[in-house]
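Here the structure comes first, spelled out in structure tokens, and everything after it is commentary.
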Amino acid sequence: MAKVLVKGNEAIAQAAINAGCQCYFGYPITPQSEIGEYMGKHMPELGRVFITAESELASINMVIGAGTTGTKAMTSSSSCGIALMQEALSAMCCAEVPGVIISVMRGGPGLGNIAPAQGDYFQALKGGGNGDYKIIVLSPSTVQEAIDLTYRAFHLALKYRNPVMLLADGVLGQMMEPADFGEYPYKDPDVTQWALDGANNRPARNIVSLHMPEGEMEMLTNRIFKKYEEVAKNETTYEDYLLSDAKLVLTAFGSVGRVAKAAVKRARDNGMKVGLFRPVTLFPFPDKDLHDVAKKADMILDLELNKGQMLLDVRSAVFGACPVEFYGRPAGGLLTPDMIYNKITELYSKLENTQKTEAGVR
Amino acid sequence: MNGDMSVIISGFGGQGALFAGILLCHAAVIEGKHTTWFPAYGAEMRGGAVNCSVNISDSDVPSPIIDEADAVIALNDASQEKFEHKVKAGGFMIINSSLSHLKTKRTDINYIKIPLNELAQKLSKQPAFVNVIALGAFLEKTKILKIESVKEVMKEMAKTVSAKKAALLPNNLESIDFGASIIRQQMVTV
Amino acid sequence: METLVYKRPESLLKDGHFTFCPGCGHGVVLRIIAELLDEFNLQKDTIAISSVGCSIFLEKFFNLDVAGASHGRSPCVATGVKRCKPDKFVFTYQGDGDAATIGFNETIHTACRGEHITTIMINNTNFGMTGGQASATTLVGQVTTTTPAGRKAELTGYPLHAAEIISKCDGTAYSARVAITSTKNIMQAKKAIKKAFEAQINGLGYGFVEVLAACPTNWHMTPVESVEHIDNVIETVHPLGVFKDITAQENK
Numbered sequence: 001m002a003k004v005l006v007k008g009n010e011a012i013a014q015a016a017i018n019a020g021c022q023c024y025f026g027y028p029i030t031p032q033s034e035i036g037e038y039m040g041k042h043m044p045e046l047g048r049v050f051i052t053a054e055s056e057l058a059s060i061n062m063v064i065g066a067g068t069t070g071t072k073a074m075t076s077s078s079s080c081g082i083a084l085m086q087e088a089l090s091a092m093c094c095a096e097v098p099g100v101i102i103s104v105m106r107g108g109p110g111l112g113n114i115a116p117a118q119g120d121y122f123q124a125l126k127g128g129g130n131g132d133y134k135i136i137v138l139s140p141s142t143v144q145e146a147i148d149l150t151y152r153a154f155h156l157a158l159k160y161r162n163p164v165m166l167l168a169d170g171v172l173g174q175m176m177e178p179a180d181f182g183e184y185p186y187k188d189p190d191v192t193q194w195a196l197d198g199a200n201n202r203p204a205r206n207i208v209s210l211h212m213p214e215g216e217m218e219m220l221t222n223r224i225f226k227k228y229e230e231v232a233k234n235e236t237t238y239e240d241y242l243l244s245d246a247k248l249v250l251t252a253f254g255s256v257g258r259v260a261k262a263a264v265k266r267a268r269d270n271g272m273k274v275g276l277f278r279p280v281t282l283f284p285f286p287d288k289d290l291h292d293v294a295k296k297a298d299m300i301l302d303l304e305l306n307k308g309q310m311l312l313d314v315r316s317a318v319f320g321a322c323p324v325e326f327y328g329r330p331a332g333g334l335l336t337p338d339m340i341y342n343k344i345t346e347l348y349s350k351l352e353n354t355q356k357t358e359a360g361v362r
Numbered sequence: 363m364n365g366d367m368s369v370i371i372s373g374f375g376g377q378g379a380l381f382a383g384i385l386l387c388h389a390a391v392i393e394g395k396h397t398t399w400f401p402a403y404g405a406e407m408r409g410g411a412v413n414c415s416v417n418i419s420d421s422d423v424p425s426p427i428i429d430e431a432d433a434v435i436a437l438n439d440a441s442q443e444k445f446e447h448k449v450k451a452g453g454f455m456i457i458n459s460s461l462s463h464l465k466t467k468r469t470d471i472n473y474i475k476i477p478l479n480e481l482a483q484k485l486s487k488q489p490a491f492v493n494v495i496a497l498g499a500f501l502e503k504t505k506i507l508k509i510e511s512v513k514e515v516m517k518e519m520a521k522t523v524s525a526k527k528a529a530l531l532p533n534n535l536e537s538i539d540f541g542a543s544i545i546r547q548q549m550v551t552v
Numbered sequence: 553m554e555t556l557v558y559k560r561p562e563s564l565l566k567d568g569h570f571t572f573c574p575g576c577g578h579g580v581v582l583r584i585i586a587e588l589l590d591e592f593n594l595q596k597d598t599i600a601i602s603s604v605g606c607s608i609f610l611e612k613f614f615n616l617d618v619a620g621a622s623h624g625r626s627p628c629v630a631t632g633v634k635r636c637k638p639d640k641f642v643f644t645y646q647g648d649g650d651a652a653t654i655g656f657n658e659t660i661h662t663a664c665r666g667e668h669i670t671t672i673m674i675n676n677t678n679f680g681m682t683g684g685q686a687s688a689t690t691l692v693g694q695v696t697t698t699t700p701a702g703r704k705a706e707l708t709g710y711p712l713h714a715a716e717i718i719s720k721c722d723g724t725a726y727s728a729r730v731a732i733t734s735t736k737n738i739m740q741a742k743k744a745i746k747k748a749f750e751a752q753i754n755g756l757g758y759g760f761v762e763v764l765a766a767c768p769t770n771w772h773m774t775p776v777e778s779v780e781h782i783d784n785v786i787e788t789v790h791p792l793g794v795f796k797d798i799t800a801q802e803n804k
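Chains as they are written, first to last, in our numbering: chain A, 1 to 362; chain B, 363 to 552; chain C, 553 to 804.
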């Protein structure tokens, strides 16, 4: 198929349709309203379900209803809307209900603003929901990747019976670039062994998240964490951009990842050994891979559109293998290639000076 | 001019700054180039200033966000003020002299002053095509894409929009040619 | 010759035992639901949505597929299920703390959308499972653990009349309030729930039945006193009746 020019939000919506999403439940919020508008036009045309719910609470719980029947369903929202879904995300992990959540981050905290931001890394990865649980979080940096990862989100949701979040930001949601939709590349697992469709010639099933008997909840939690280990083993993905000889390694996710790439290119043109480590799966976080990279590097520079959130996972992965610096702007401030390049130059010259000093001492 | 081009198109809501960018991007796709379009969006869209950043390149475009643009198309005075400093040294800025009487501040860039509203009014009896005339001038100046590619985009789009909008196709085609002729015939000081 | 006069409904689990307090209304209503599902031959085609409160343990009593919902969100989960499985029978079973308090927004919108689902709401005018706190339907003057001096209207307002409000929604096909305080009332309650089920089966819209039920433990009354309290006091505030029945016109 040929490349078409498409806006990030609409690419996600069309990819969901291609992935076989049968139900969309959502509540409008900038900067992702185009997803709901696109679904509102196309889902009914295809005889599929579209509901503008009364709130984000309602939309995610409708996703749960659809998920319990083994049907592919999704909702989309932004920052404060995703905040309202946290209880349900915890319940979905516990009851093992599949579902896809598109989160297009805007500036926060509070109502914040509608500018692009990445302040909801913690919200997605560390959760506002209760208890021990993990949602699978995928982070696209281009419109093409938004399509590919939307496909993957639907597949992983069914494969692991767990909510999967596509964590995008306003830059990606609003920008346009050429992309190829291709076809949904996955073969999804059979759901008939667990989905609810009436207890017809089989024992009744239940998909619930309350487990009162002593020890039952502990067993269940241990079991789903075993599943998360499988997820980590099978699904961890990151982009390696010029890392092999990099002395200074940038870490960035989502749209910042691509902006950082422009700065890395320029740094390489100017003889600096800089590379980019971009996690594509945020859970599972590529911590072992990052640790290996950090062992060979002199310094890590973590870049985010927030006050330092993925930074915690980066530090934990690096685990002292090299120093970790942070550079970010919160609440709608953007990092440009120039800003990142200037930071690179500053840190790189520091690195070289330190090495010279060390050599001098020796 | 090499194969890479970054341009910021800015104006007030309704002047079609965002749409001009979309036309450019579609034309870039037709010519097999890499391209990105990134808008300043949201509350700004209601009557206030709007702008979009467009990259066109022969290779992958990593950053949709532009630090310094090869060119800026400023459809009103506020846009001129906002983006004059964003033009790369040696780059140029198209100014809509119908709506901006601001003094220019830089000596290291070129200014192309076009009375876009007057010309649009004369050409099609309405000011709706200032963005397309500016785009014609921009393309003639930079040769980054063929005018024919943009026309092809316009024709394709006319097939999918309302009859009322589709009826504007001849004006659009005429406006982009006219924009190019302004530069070609040196009707303005470049 | 033997005549079968009593049978355990197929829609109840063979080894399931109600675990409610003595005098509690839940068991009666669950039994009515199970009987009706049998009568409509729906046991194999039903997905029940449980809620939070004493209404939660449906899977321990019903021989039905059950999806659990968080506080107040059962109508949303039911909506998701029904839209995916339009040929299945879907009902929510909730209390007043769930359907009329934390989840009343969801209840109203589900009614307005005219979802083809049925809600059975047990109204015992308090949060039973958490120990008898005041809910949206608590009567003025009622003593609860959070209104130890009785609910004062000037502080916490007035009881919410769920069945009446739901009856005003255009998507509602049937809305009624019933009690289970006597054999006659139980028969009436079964009739109302049957009507609400039929609204779904016939694709007419949302069905809502509010059942006034006793909570002797939290009311600090004997089961007999509780029944009298419903008839003599609660029904003066939450009157019994059919507030909407879109088939009534046709029947006349």
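All C-beta atoms, glycine included, are put in the ideal place defined by N, C-alpha and C.
Sequence-distant residues of the same chain with beta carbon closer than 8 Å to residue i, five excluded per side
i	result
B/N479	N458, S460, L461, P489, V492
C/F570	H578, G579, L582, F613
B/M516	L385, L531, N534, L535, I538
C/I608	S602, G620, M681
C/L565	K612, F613, F614, N615
A/T281	I136, V137, L138, S139, E235, T236, T237, Y238
C/T698	Q685, A686
A/Q174	K7, G8, N9, P31, P116
Listed by chain order, chain B residues near residue i by CB distance under 7 Å
i	result
A/M175	T398, W399, F400, P426
A/Y334	According to the sequence provided, residue 334 of chain A is Leu. The question's Tyr does not apply to it. Correct list: I427.
Three-state class that DSSP yields for residue i in the structure shown
i	result
A/D240	strand
A/N18	helix
C/V557	coil
A/G332	coil
B/F374	strand
A/T357	helix
A/S349	helix
A/P138	Pro is not the amino acid found at residue 138 of chain A; the sequence shown has Leu there. Of the three classes helix, strand and coil, the one that applies to A/L138 here is strand, per DSSP.
A/Y27	coil
A/G320	coil
C/A600	strand
C/G757	coil
C/K830	The structure shown does not extend to residue 830 of chain C, since chain C is modelled only from 553 to 804, so the question has no answer here.
C/K640	coil
Partner residues on chain A for residue i, Cβ-Cβ distance less than 8 Å
i	result
C/V785	Near C/V785 there are no residues of chain A at all, since even the closest Cβ is about 33 Å away, more than 8 Å.
B/V559	Here chain B has residues from 363 to 552 only, and residue 559 of chain B is not among them.
B/H388	L5
Beta-carbon neighbours of residue i, restricted to chain A and to distances below 7 Å
i	result
C/I599	L196, G198
C/E658	E54, A58
Residue i vs residue j beta-carbon contact at 8 Å
i	j	result
A/K247	A/D292	no
A/Y38	A/A13	yes
C/H623	C/Q752	no
B/S372	B/K444	yes
A/S76	A/Q123	no
Chain F contact for residue i (CB, 8 Å cutoff)
i	result
A/A262	No chain F is present in this structure, whose protein chains are A, B and C.
Beta-carbon neighbours of residue i, restricted to chain C and to distances below 8 Å
i	result
A/G36	Within 8 Å Cβ-Cβ: nothing; A/G36 doesn't reach chain C, min ~16 Å.
Spatial neighbours of residue i in its chain, beta-carbon cut-off 7 Å, leaving aside the 5 residues before and after
i	result
A/I147	A11, A15, A179, F181
C/G693	G702, R703
A/S55	Y27, L84
Beta-carbon contacts of residue i that lie in its chain and below 6 Å, excluding the five residues immediately before and after
i	result
C/C628	E658
B/L485	F540
B/K450	E430, D432
Contacts that residue i makes with chain C (C-beta to C-beta distance below 7 Å)
i	result
A/L158	Per Cβ cutoff of 7 Å: no residues; A/L158 is ~14 Å from chain C at best.
Beta-carbon neighbours of residue i, restricted to chain B and to distances below 9 Å
i	result
A/K265	P424
**Report entry** beta strand (DSSP E) runs wholly inside the stretch 40-64 of chain A, at least 3 long, in chain order
**Finding:** 49-52
Jot down the residue ranges of each uninterrupted beta strand (DSSP E) in the stretch 410-488 of chain B, minimum 3 residues, whole runs only, in chain order.
-> Segments of the beta strand (DSSP E) lying fully in the stretch 410-488 of chain B: 411-419, 431-436, 449-458, 472-476.
- Start-end ranges of the beta strand (DSSP E) lying completely within the stretch 507-547 of chain B, minimum 3 residues: none
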